[in-house]
Amino acid sequence: MNIVLLEPEIPQNTGNIARSCAATHSCLHLIKPLGFKTDDKYLKRAGLDYWHLLDIFYYENFNNFLEKNNHPTIFMATTKSKKLYTEVTYHANDFIMFGKETAGIPEEILLDYKETSVRIPMLEEARSLNLSNAVAVVLYEALRQQNFEGLLKQGQLHRHTW
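If you're matching positions, the sequence shown starts at 76 in the working numbering and goes up one per residue.
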């Protein structure tokens, strides 16, 4: 899978998302401007020691992202969608995009992705979920639909056996 963050602002969120991507062998795509420097200590700390497992790509803007990825299928995660994230079929190389923490994905972009815009259900009074939590929810549904291919490492106890 491919996770795309459009202009992320909070380094800890991006670090947590990077860790989720590394643990699931998903690529992380960051579209500038970023609200932090890539050597930010909070970004690095949230990602722990998983950075070497991560395929990460940077883009100057949304159009640059589209061009470099040959205008891929993109699921737009937005609170504005009528369709739930569980009502679509994800394929192994699809892209799932999330907007910046304070504003989400601009409506001008969403207009071109009506059929692939998805949302996570929540109370009407709640504006949104934390970005890293939202990524985890949608990413794991997409991976579930792929039968968690390559990710079914069996759990082991540290001092005992099952």
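Backbone N, C-alpha and C fix where the C-beta goes; we use that ideal spot for every residue, glycine too. Here the structure is a predicted model, which is why all the values come from computation and not from measurement.
- Message: Quick check: P147 and F170, are their CB atoms within less than 8 Å of each other?
- Response: yes
- Query: For L218, which of T99, D130, A152, L128 has the nearest alpha-carbon?
  - Reply: T99
- Item | F223 in three-state terms, based on DSSP | coil
- Residues near T113 in its chain [Cβ-Cβ closer than 7 Å; skip 5 each side]: none
- Item | Extent of the continuous beta strand (DSSP E) to which A152 belongs | 149–152
- Task: Please name the residue in L159, H104, F173 whose C-alpha comes closest to that of D130.
- Result: H104
- What separation, rounded to the nearest whole angstrom, lies between the Cα atoms of D124 and T89? 14 Å
- Check each candidate in F137, E135, P86 and name the one with the smallest Cα separation from G110. P86
- Select from S95, N77, A93, I106 the residue whose C-alpha is nearest the C-alpha of P83. I106
- Measure the C-alpha to C-alpha separation of A211 and N91 and round it to an integer number of angstroms. 9 Å
- Task: Sort out for me which residues DSSP pairs F132 with in a bridge.
- Result: H104
- Message: Quick check on F137: does DSSP put it in helix, strand or coil?
- Response: helix
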